[in-house]
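Taken in order, these protein sequences are the chains called A and B.
Position one of the first sequence corresponds to residue 1 (the numbering used here), numbered consecutively onward.
Position one of the second sequence corresponds to residue 1 (the numbering used here), numbered consecutively onward.
Where a beta carbon is used, it is the ideal one built from N, C-alpha and C, also for glycine.
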Amino acid sequence: NAGVTQTPKFRVLKTGQSMTLLCAQDMNHEYMYWYRQDPGMGLRLIHYSVGEGTTAKGEVPDGYNVSRLKKQNFLLGLESAAPSQTSVYFCASLLPVCSSTDTQYFGPGTRLTVL
Amino acid sequence: AQKVTQAQTEISVVEKEDVTLDCVYETRDTTYYLFWYKQPPSGELVFLIRRNSFDEQNEISGRYSWNFQKSTSSFNFTITASQVVDSAVYFCALSDSSTGGFKTIFGAGTRLFVKA
């Protein structure tokens, strides 16, 4: 049981390049999330998904697209990277059964630098 | 709208001191969930506790304790007898179902320095 994994761990892009971040979870969780964390700030929600084939916008969706073709995977795409997208990206998943132990499980993060 | 405020940006204590991290939240939902996460220098997010809005029972777990008060919309976190390994950024977070998807809003975090 690997939990939540993210690929890649580090990436450097040039302005205008595109890339896709992959998040995978093996816990059969329904909900998945993409956050970004900028220096000195908390996490901000980019997009999320409440199930296979569905996605929705979070607080800061501009410049990003997502897809949830399989329940276990949640992809975050940058079509034309900008320096403002330099950040650490965290993926999370959740099985919302509202139990006292229910929580979001986070991946280790992807550090992205856009030059 | 959801909002989480952690007014303390940085706190510095000497080892063995007790320290309380403050968290104030706003939500219109009557059912919601509050969390504390720890982010050590290595960068990963470590889940510490979750509290449901209908459970105001405070809890002690080892050196950690939590004080949840709905009347003041506060969910404070205390470390007793702090240790150097407690040095990290601590995030308070709020999740409710009002907009669907159990979106979680994070506070800006409190950076705790524990000096030996």
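Excluding sequence positions up to five before and after A:Val-4, its CB lies within less than 7 angstroms of the CB of Cys-23, Gln-25, Cys-91, Ala-92, Ser-93, Tyr-105, Phe-106 and Gly-107, all in the same chain and listed in chain order.
Counting only Cβ-Cβ distances below 9 angstroms, B:Ala-108 has contacts in chain A at Gly-40, Met-41 and Gly-42, in chain order. Annotation for B:Val-24: Thr-5, Ser-73 and Ser-74 place their beta carbon closer than 6 angstroms to its own, counting only its chain and skipping 5 residues before and after. Counting other Cβ atoms within 10 Å of its Cβ, A:Thr-110 reaches 16 or more and is therefore classed as buried. Counting only runs of 3 or more residues that sit fully inside the segment 33-112 of chain B, the beta strand (DSSP E) segments are 46-52, 59-61, 64-69, 74-79, 88-96 and 104-106, in chain order.
Straight across, the Cα-Cα distance linking A:Arg-68 with B:Ala-88 is about 33 angstroms. For the pair of segments examined, the segment 79-88 of chain B was found to touch the segment 18-33 of chain B: the number of CB pairs separated by less than 8 angstroms reaches three. Residues Ser-87 and Ala-88 of the same chain have their beta carbon placed closer than 8 angstroms to that of B:Pro-41, with the five preceding and five following residues left out of the count. When Cβ-Cβ separations below 8 angstroms define contact, A:Tyr-48 makes contact with chain B. If you keep only unbroken beta strand (DSSP E) runs of at least 3 residues inside the segment 19-91 of chain A, you get 19-25, 31-37, 43-51, 54-57, 65-67 and 73-78. Counted as a single uninterrupted DSSP element, the beta strand (DSSP E) harbouring A:Leu-112 occupies residues 110-114.
Distance check between B:Phe-35 and each of B:Asp-96, B:Leu-112, B:Thr-9 and B:Ala-116 places B:Asp-96 closest, using alpha-carbon atoms only. Scanning B:Asp-55, B:Phe-113, B:Glu-10 and B:Tyr-90 for the CA closest to the CA of B:Leu-48 turns up B:Tyr-90. Contact between the segment 5-20 of chain A and the segment 42-52 of chain A is absent: fewer than three C-beta pairs spanning the two stretches fall below 8 angstroms. In this structure, A:Met-41 is the residue among A:Glu-79, A:Tyr-89, A:Met-41 and A:Ala-82 with its C-alpha nearest to the C-alpha of B:Arg-111.
Taking the Cα positions, A:Ala-82 is about 41 angstroms away from B:Phe-68.
In the three-state DSSP reduction, B:Thr-30 falls in the coil class, being neither helix nor strand. Between the beta-carbon of A:Gln-37 and that of A:Ser-84 there is about 14 angstroms, and that puts the pair past the 8 angstroms contact cut. Chain A has no Cβ within less than 8 angstroms of the Cβ of B:Leu-94. B:Glu-10 carries a strand assignment under DSSP once its states are collapsed to helix, strand and coil. B:Glu-56 and B:Lys-70 have their C-alpha atoms spaced approximately 7 angstroms apart. Distance from the CA of B:Ile-60 to the CA of B:Trp-66, rounded to the nearest whole angstrom, comes to 7 angstroms.
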